[in-house]
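Student: Just so we're aligned, residue 13 is where the sequence shown starts under the working numbering, counting upward by one. Encoded as structure tokens, here's the structure I'll be asking about.
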Amino acid sequence: MAGALAANLISFRLINLSRSMELEDLLALYGTRFAEAVQLLETFLESGEPVHLRNASVILTSVGRETYCALTEHRHAILAALSLEAGARLRERAVEIEKRGLRGTDLEYVADVCELLKRISNSISSGEYEKSYREMINRRRGA
Numbered sequence: 013m014a015g016a017l018a019a020n021l022i023s024f025r026l027i028n029l030s031r032s033m034e035l036e037d038l039l040a041l042y043g044t045r046f047a048e049a050v051q052l053l054e055t056f057l058e059s060g061e062p063v064h065l066r067n068a069s070v071i072l073t074s075v076g077r078e079t080y081c082a083l084t085e086h087r088h089a090i091l092a093a094l095s096l097e098a099g100a101r102l103r104e105r106a107v108e109i110e111k112r113g114l115r116g117t118d119l120e121y122v123a124d125v126c127e128l129l130k131r132i133s134n135s136i137s138s139g140e141y142e143k144s145y146r147e148m149i150n151r152r153r154g155a
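The structure is reproduced here in structure tokens:
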């Protein structure tokens, strides 16, 4: 119980800190955490141990919660929503694997998710994501 309270307080602080962040800084924070989750997914694919899948899901869910408000202020909550959804689905898959054992379809599913998340992570770290976002915003303003 005390651990959950501490985790909620940390998330509350991060949410409040990230509300006033510039998009570039927010994406840097998001990208770092996102890359950690991708690394854990790759570790799961190598080892087949569901603990890595579960840990990746925790990171994705946390970064989604931590950045949702700030990304909403930038009119881009979809990125946080993606993390929340991916985290929930990967957690469900980890629970299934723990109950019935690992199957080939689990590895295929996680490999597909990992590839997608890796592409997003790479586009954030390269600056391509922010550039595309700003182009989209400029088109909206011009329309």
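Built from N, CA and C at the ideal position, the CB exists for glycine as well. None of the values given here were measured: they were computed from a predicted structure.
#1: First and last residue of the alpha helix (DSSP H) that includes His64?
#2: According to the neighbour-count rule (16 or more other Cβ atoms, all chains shown, within 10 Å of its Cβ), is Asn67 buried or exposed?
#3: According to DSSP, is Met148 part of a helix, a strand, or is it coil?
#4: Around the C-beta of Gly43, are 16 or more other C-beta atoms found within 10 angstroms, so that it is buried, or is it exposed?
#5: Could you say if the stretch 126-145 and the stretch 100-116 meet the contact criterion of at least three C-beta pairs nearer than 8 Å?
#6: From this set, Arg103, Glu36, Met148, which residue's C-alpha is nearest Glu61's C-alpha?
#7: Whose C-alpha, out of Leu41, Arg87, Ile90, is nearest the C-alpha of Ile136?
#8: Whose C-beta lies closer than 8 Å to the C-beta of Ile149 among residues of the same chain, with five residues either side of it excluded?
#9: By the three-class DSSP mapping on this structure, what secondary structure does Asp57 have?
Tutor: In this structure, then:
#1: Locating residue 64 in the sequence shown gives position 52, where the first residue counts as 1. Looking at the DSSP string, the run of the alpha helix (DSSP H) that includes His64 is 62-85.
#2: Taking the sequence shown and counting its residues from 1, one reaches residue 67 at position 55. With 16 or more other Cβ atoms within 10 Å, it is buried.
#3: Taking the first residue of the sequence shown as 1, we reach residue 148 at position 136. Residue state, collapsed to three classes: helix.
#4: As a first step, residue 43 is located in the sequence shown; it is residue number 31 there, counting from the start. Counting Cβ neighbours within 10 Å, Gly43 comes out buried, since at least 16 surround it.
#5: no
#6: In the sequence shown, counting from the first residue as 1, residue 61 sits at position 49. Taking only the C-alpha atoms, the option nearest Glu61 is Arg103.
#7: Here the question's residue 136 lines up with position 124 in the sequence shown. Here the closest residue by C-alpha is Leu41.
#8: In the sequence shown, the residue the question calls residue 149 occupies position 137. So the list reads Arg87, once near-sequence residues are dropped.
#9: Translated into positions along the sequence shown, residue 57 becomes position 45. Sequence check: residue 57 is Leu here, not Asp. In the structure shown, Leu57 sits in a helix (DSSP, three-state: H, G or I).
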